[in-house]
Amino acid sequence: MLSIFICFIAFLAKLSLSENVPYSNISSLVGHINLVLPVPNLISDNVLVSSSNSNIGLLNYKTGILKNVLNYKKNEDIKKVHTNDKYTFVLITNRNLQGSGKSNCSYDEDTYSYINVYTGEELYLLNILEYKNETIIDFIVMDEKIYVLLNDRISIRNVNDNSIDSIVFKEHNINSIYSKIIKKGYNNLSLLYVDSDLFCHLVLFDTINNKIIYEKKITNFQVNNKLNNYVSVINNKNAVVIYNKKDIHIIELSNKENNNNSDNIYNYYYQKLNRENKDEEIEGEIQDKSNFIMDNEMENLNADEYFVIKLGNDEYISMYKTGKNTNTNGNNIIKLIKQKEKENELIGYYIDKHNKKKLIYCEDKEGKIFVKSLNEQNVINKNGGKDNNNTIAILNKGNNVYYHGELLIGLYDEEDKSNYFFSVYQDSSFSVYKNNDVHYTREEALSYVNQMHFYNFDHLKNTKNKSVNNLNIPEFSILKELEKYLKSKISLLNKSYIEEIMKSKTQLSLVPFNFFYLTANEKLEMLNILINKNEQNGIKRKTLIDTKGSGKNGLIKDSNKDSSDNSDSINTANKDYKYEMMNNLIKNAIRKYETDQSSNYAKKSIVLVSTSNNFIFAIHLYTGLILYKIDMNPIKGVNSIISLKNKQCSYSLNKNNWSEYEQGGKIIFLNNASKGDNSATTFNRIDGSINQSNGLSLFKSFSKDSVLAILKTDSISHIIIFDILTTEIIFERKLNLFAIQNLFIYTNENNKSIIAVDKMLRAKMIPIENAVAKKEKASQNGAITKVDLKNEEFYFYTVNSEKKSIQGYRIIGPDNNNKNTANDDIDLRLIETYFINMNTEKIEVYAKSLTKQKDIFYPIKINKDASICYKYINNNIITYVTKTENNSASSIAYTIYIIDGVTGTLIHSKTLDKHVRPPFHIIINENIVVLHFYNANINKYVIKAFELLLDKKDPGFINLISSKKDKIVDLFDVKNVIVKEQNYIIDHNIKSFNFTETKRGITNKHLLLLLDTNKIAMLNLTGESKEPTYKNLNTFITHKNILYNSKGFVSNESMLESTTLIFSWGDYFYFTSYQPNGSFDTMDSFNIFFLLFLIISAFIASYFSYITRKNKIIYAKWA
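Taking mature numbering (1 follows the signal peptide of the UniProt record, and there is no 0), I'd label the letters of the sequence shown as residues -18 to -1, 1 to 1101.
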């Protein structure tokens, strides 16, 4: 019996062995997709998608799930992707190779290029073909060999055994300025190259014996070096197309391999373009005289005798038919079939049921995409003939698609007997159509998040109806939950605990799927959020979602639709969603949301994110549900959208100096910036500044349920205050010739105003009033409101790199020269409060305090010996690091300064160790300043924490409750500040760091670090040891998830004091939670089996004690 009891105890201990693993979800993004490539080596339901964001993903187009995502460095470009029956090849070049300047980004890395070879459905890396300090121009694949074209040779590599052979151009007297592989035969290879005299040559190599079979100079064609020339290959015709703004040249190889007759190895065709070229347009075209011959980016569209040429914004579908050698256009061998004339037109290709590639022409109008096939009769003529193209599909666009299309690819699925079309639009949305309707859509613009805003709606009531929109979500059942818990615990008996936990706890988020057929109100009802609509005096406000009805996005707004009704503000024409794919996704997510009782603390958060192309998305973090998508470009007044098609500048967070800023932003100081860059004036302020000179800034909360956003150009600022859930516009104002740099919210007698300062140090007060208040004010003859700011304290500061100074200012009141204006704006006066001259020091990085206001603040610190010390509380702290250079580079000195941003008073300064080196990273929170840097002496990174405390001893418990003198403590006494320093040595550089945030600020703050390994670790700044402490950061909040190319993360409070929420963005959206002091206010880690064991044990013990006592009484009576 004893052995059975011990085994039972061991079994219960195994089931009870658990720890609280918080809820987390993750989703992967690709970025703006510029290539969709069907995969022949897998089942027909997969395509490869490539983006300008240096990512490649294997997409199951039936489920919309990215099976695998290959993330490359941000300074690398994906130049070519090729796939066959066995392998997938990806050509990668670093940004230094893009000599023509696709962007203005500068990198100081060495030139390199390489080809990755992947195999299998999981895209396992099989081989890396790397070429340092060389440029891979192109490659082709034949069987197990890959032929790599370099500047001076053709490198022949075997994929399996990694053997190398080469065809060296110099050995064959080939001197080329441009070369292109045309065709690979069984044992030969055809090459076209251009010599220094601009003549083209055709060369046929014997790849086995490494010799030239023949070489032919094309004497009747010379490349025009005064124009940009583009080259593309039509593979199935073994032809090369060379074109510019004036004419088209085609060089077609003979179909006979190993043809020794040098007079009959090619056909040459020529066609003059009938474009009206202006002389000035052609004269200034060549910007790089060494790079006037380049590859045609439309080459992947070439099919059969059709090919696509692109000249500027003009695109042409052309064709040619094999004929006799000619240097005239009399035979009309080359024909222009179709021209892309408007922005709503698009050229793509379609793979039919016979696996044949066909060019298609698409027209986007009236919310539909008309897909048409091409034929030879549709020839462009000056008289403008009718378009007789055959329509093969009419696609019904989703209402989340904005502006015009950039890519459309179609294919026929034999299993479903259906057509699938893939479209990419200028707003970076990626939609997959099944037959004529949207199957699903992904918002890839979320890969380009600039700023974000956390919003907790725990103060809102839930709706009574738990099962909405016919989802039939089951109610919570304690028996089912207990059964589920028991099964999951038993399954751990034979499995690794951590492995099983990671599989079951990390959920897939709904991001980036956009459920366009549901309105915003329907989504809020699914989340059981009850919106309180307080319409004052019957006034209905306009919503930001209404701005979508613009001619720019190719849609026609229904004039009969009441734009004031938010339930109709999203197009409801897509209600009849025909497929179950997206319905099943949202059903599973909402079912988890409704039934998961252990993570209620994480369910009440929404994040607003703004992207590089000026879109705002509202995302429910627990489920990943996109509530709405807002295009801010029409409000900004621009005629075009910022294209994310080309590579975006992304500065390295590992190499440059930066400081953490509000709303997840950073102030970046380029270490490799030129002197001209350093001379720019940068503004900042105490309450936060708007750094973006041209874009959207999600600035701050205006009220509990509203946010203030600013759209800026060089001279115009557009202020919008809107409700986060309903998008109702509370206030809107456009300021001409006033670029806002600093902004405050002023509250006086329940009225709010905005105080704004521009870059010219002009300040004005903008009253925020509703329509009723305006009418009442109009009856008072529009008198200017009397403003008294004598008792108000609005301060800001500027950092001037050119003058090497920091200046502080205060807004003191209205200007005496104020005049009545139509908008009742009030000009304000400024005074300078301090001036700090840097002299010979140069500012490397500076930061402002990110302390958040709490309802209850914890002003003391409790030490290990139970004594207390008082924190120095000042939300206006700013910190900066300066560099002083003497005659030699070895005598560089770095100094850190901590000052009061209001008064300019120096709180603390220290000259750093002589071995300190950049990059410098700073964050300020409450009374702690954290500086991260590199130490060259120990070859490690150091985190130096400065803790600002008051020089006041612990009075003791008796004196604290009895003495009035000890009860009152001035927490702002700058004269009695002492600084405690603590150094932590770590192995990693960091990309971002933040402190944990909790509801009341009582829980100990931990420092969260996004390491250069793309994982988030935690560090407890105890400050107890005076000696430097080495920290081996091997425990991660992200567990096994690696957040490749993460751009940052933020932490925010949850409904529980013990828990902080963490949200990371970049190529991955990741949401989780962290408990610095454990789950002291939750029962998530409570062992239910241990509780049952105690209850049963107590019951059994009570029963046996009762029997024993009863028997004793009986024995006593018989005794």
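Glycine included, every Cβ here is placed at the ideal spot set by N, Cα and C.
When we look at the beta-carbon of residue i and count the other beta-carbons within 10 Å, is it buried (16 or more) or exposed?
i: Trp640; result: buried
i: Pro4; result: buried
i: Ile998; result: buried
i: Ser486; result: The predicted position of Ser486 is uncertain, since its pLDDT is 48 and thus under 50; no value can be drawn from it.
i: Leu1076; result: exposed
i: Glu908; result: buried
i: Arg424; result: buried
i: Val215; result: buried
Please tell me whether residue i and residue j are closer than 8 Å, where the distance is taken between their beta carbons.
i: Ile588; j: Phe439; result: yes
i: Val205; j: Ile146; result: no
i: residue 1102; j: Tyr791; result: Residue 1102 lies beyond the range of the chain shown here (-18 to 1101); nothing can be said about it.
i: Val781; j: Tyr828; result: yes
i: Tyr610; j: Tyr559; result: no
i: Gly1048; j: Ser1028; result: yes
i: Ser592; j: Asn432; result: yes
i: Val884; j: Leu930; result: no
i: Ile232; j: Leu255; result: no
i: Ile925; j: Tyr966; result: yes
Give the DSSP-derived three-state secondary structure of residue i in the structure shown.
i: Asn307; result: For Asn307, the predicted structure reports a pLDDT of 45, less than 50, and the residue's modelled location is therefore unreliable. The matter cannot be settled from this model.
i: Asn582; result: helix
i: residue 1118; result: With the chain represented from -18 up to 1101, any question about residue 1118 goes unanswered, as that position is not in the structure.
i: Arg573; result: helix
i: Gln1057; result: coil
i: Arg139; result: strand
i: Ile1078; result: helix
i: Gly646; result: helix
i: Leu1038; result: coil
i: Ile972; result: strand
i: Leu609; result: strand
i: Val353; result: strand
i: Glu281; result: helix
i: Tyr394; result: strand
i: His914; result: strand
i: Ser236; result: coil
i: Leu563; result: Looking at the sequence itself, residue 563 is Met, so the reference to Leu does not match. Of the three classes helix, strand and coil, the one that applies to Met563 here is helix, per DSSP.
i: Asn628; result: coil
i: Val956; result: helix
Taking C-alpha atoms, which residue in the options lies nearest to residue i?
i: Ile968; options: Ile859, Lys957 and Leu992; result: Leu992
i: Ser1036; options: Thr985, Gln408, Ile1024 and Thr1011; result: Thr985
i: Cys344; options: His336, Tyr302, Phe404 and His421; result: Phe404
i: Cys182; options: Ile972, Asn170, Glu197 and Lys716; result: Glu197
i: Tyr69; options: Ser36, Pro22, Leu111 and Gly39; result: Pro22
i: Glu397; options: Leu913, Ser1040 and Asn28; result: Asn28
i: Lys399; options: Asn157, His336 and Leu341; result: His336
i: His988; options: Val141, Leu1001 and Arg982; result: Leu1001
i: Tyr288; options: Lys347, Lys340, Asn773 and Arg982; result: Lys340
i: Leu132; options: Phe651, Ser148, Asn140 and Ile376; result: Ser148
i: residue 1117; options: Leu293, Asp346 and Ala221; result: What is shown of the chain runs -18 to 1101, which leaves residue 1117 out entirely.
i: Glu963; options: Phe1053, Val420, Glu1006 and Asp125; result: Glu1006
i: Asp59; options: Ile97, Thr45, Asn42 and Leu41; result: Ile97
Taking 7 Å as the cut-off, is the CB of residue i close to at least one heavy atom of the ligand GDP?
i: Ile910; result: You won't find the ligand GDP in this model; it holds no ligand whatsoever.
Just reading off the alpha helix (DSSP H) that residue i is part of, what are its end residues?
i: Glu507; result: Ala502 to Met508
i: Ile617; result: Asn615 to Lys618
Which first and last residues belong to the beta strand (DSSP E) in which residue i is found?
i: Asp67; result: Asp67 -> no beta strand (DSSP E), and no H or E assigned at all.
i: Thr373; result: Asn372 to Asn378
i: Ala691; result: Ser688 to Lys694
i: Tyr604; result: Note, Tyr604: premise wrong, no beta strand (DSSP E); not H, not E.
i: Val884; result: Where Val884 is concerned, there is no enclosing beta strand (DSSP E), given that its DSSP letter is neither H nor E.
i: Tyr862; result: Ile859 to Thr866
At least one CB of chain C closer than 8 Å to the CB of residue i: is that the case?
i: Val99; result: No chain C is present in this structure, which holds just one protein chain.
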